[in-house]
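Numbering (the numbering used here), first residue to last: 2 to 320.
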C-alpha cells in the first residue's frame, strides 16, 4: 500500500469540449501526448478534395460559437456525411473529417473557429496541470450527444436511454441509482459544488430516498441575486427549454429573440408559467379521457410537487 493514500477525489464537470480543442496543443509541451501538430485538416466539403482545406490551428478564443453537438451533428463530424437512418447502421469508417462541413452548414464562417484549439499559454491553469500531473489523452464522450446525457453517465453510469437534453425527462427526473447512493452505502462522505444548478436535481431517487440526505450543494461563485440582471447563458438555455413546453419553440422569435432582452425575473416567470401551462394541459387531457400512457406528466400531489420543486430550484438558483 502507498504511504500516501488518496483521501479525496475531485471530479470537475465542465461544458462540452473536445480534447484537441482544449489540450491538443499541449503536445508542444509533452510530445508523447496524443494531441495535434497542425498537419490535421478537414475539407470544407468532407468528400470533395477540391473544396477549401482547413488546417487545425491554435487561435481559439475563450468565447466561441456553439457548434452542433446533437447525435446527428456528431455523426456528420465523425463520419463526414449527414445523418440518415438508412446509412447510420452501416459499417462506416470514422475518419473525423466532417467537423468543418458540419460547422459551415450550421453557421457560415464557423468552420474556421471549429478547426482551432488553445495555445498552452491561453489556458495557463491547464498548462500547469498538464506539466505537473498525468493527462488522459484517450478522451471520449459516454454518449456522442449533448450535455445532460453525458452528465447522467457521470453520476449514474447510464443516461437511461436519453440521447439529448430532453426537457420533460429532466423536469420529471430519472429513476436510476447514482454514485452518491453507492458512496453512502460504502460509508464514504462526499460533497456537491456547483456554478450552475447541480445535475443532482434530475434524479428521482435523491428526492425520495429517506436513507440518503445529500449535503447542501455549495456554490463555487456565490453572489447576490439580481432579478433585473441579464440572463446568463445557462438561464437562456433554461428559458429555451421552457419554450418547448410553452409551444414558443415554433415561433420565429425562438431561440435568440426570445431571450435577448429578458431579465432574470422575467425569465423565472416565463419558466414557471410554461410549466404551469404544460401541467394544466396534461391534467385536462386526463379529464378528457386520454390514456395515462399517453400523458407525460405523472399524477399524484407528491409527483407534481416534486416537478414544481425541481423547476423552481432551477429558476431560482442560477442567478
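Each residue gets a CB set at the ideal place from its N, CA and C atoms; glycine is no exception.
Cβ distance (whole Å) where residue i is taken to contact residue j below 8 Å
i	j	result
residue 157	residue 150	Going by Cβ atoms, the distance from residue 157 to residue 150 rounds to 11 Å, so no, they are not a contact pair.
residue 10	residue 136	Not a contact, Cβ separation roughly 17 Å.
residue 206	residue 179	7 Å
residue 127	residue 24	6 Å
residue 55	residue 132	Not a contact, Cβ separation roughly 29 Å.
residue 45	residue 85	Rounded, the Cβ-Cβ distance is 21 Å, inconsistent with contact.
C-alpha gap between residue i and residue j, whole angstroms
i	j	result
residue 81	residue 171	31 Å
residue 68	residue 288	43 Å
residue 303	residue 286	Confidence at residue 303 is low in this model, with a pLDDT of 47, below 50, so its placement is unreliable and the value that follows should be read with caution. The straight-line gap from Cα to Cα measures roughly 20 Å.
residue 204	residue 194	16 Å
residue 275	residue 290	23 Å
residue 318	residue 197	Residue placement at residue 318 is poorly supported in this model, since its pLDDT is 45, which falls under 50; the coordinates still yield a value, given next. If you take the alpha carbons of residue 318 and residue 197, they lie about 8 Å apart.
residue 258	residue 168	20 Å
residue 279	residue 248	9 Å
residue 123	residue 18	15 Å
residue 320	residue 245	Unreliable placement is indicated for residue 320, whose pLDDT of 39 sits below 50; no coordinate value is reported for it.
residue 26	residue 36	6 Å
residue 63	residue 121	13 Å
residue 164	residue 107	20 Å
residue 263	residue 254	13 Å
residue 48	residue 41	16 Å
residue 1	residue 153	As shown, the chain starts at 2 and ends at 320. That puts residue 1 outside it, with no answer to give.
residue 277	residue 6	51 Å
residue 2	residue 130	At residue 2, the pLDDT of 45 sits below 50, so the modelled position is not reliable; the number obtained from the coordinates is stated separately. Going from the Cα of residue 2 to the Cα of residue 130 covers about 25 Å.
residue 93	residue 141	18 Å
residue 181	residue 240	29 Å
residue 134	residue 39	24 Å
residue 155	residue 233	24 Å
residue 176	residue 284	23 Å
residue 292	residue 173	19 Å
residue 231	residue 242	17 Å
residue 166	residue 235	13 Å
residue 28	residue 110	27 Å
residue 91	residue 57	29 Å
CB contact flag (residue i, residue j, <9 Å)
i	j	result
residue 43	residue 101	yes
residue 256	residue 265	no
residue 22	residue 103	no
residue 146	residue 87	no
residue 119	residue 59	yes
residue 12	residue 200	no
residue 78	residue 97	yes
residue 237	residue 272	no
residue 114	residue 61	yes
residue 184	residue 191	yes
Residues bridged to residue i [DSSP beta-bridge criterion]
i	result
residue 55	43
residue 117	58
residue 203	Answer is none; residue 203 lacks a bridge partner.
residue 175	204
Residue range of the unbroken alpha helix (DSSP H) whose run includes residue i
i	result
residue 232	Premise fails: residue 232 is in no alpha helix (DSSP H) and is neither H nor E.
residue 193	Taken as a continuous stretch (DSSP letters only), residue 193 belongs to no alpha helix (DSSP H), as it is neither H nor E.
residue 86	86 to 89
residue 185	180 to 186
residue 263	Run containing residue 263: none; DSSP gives neither H nor E here.
residue 132	125 to 133
residue 103	100 to 107
residue 144	That residue, residue 144, is in no alpha helix (DSSP H); it is neither H nor E in DSSP.
residue 75	72 to 80
residue 21	20 to 24
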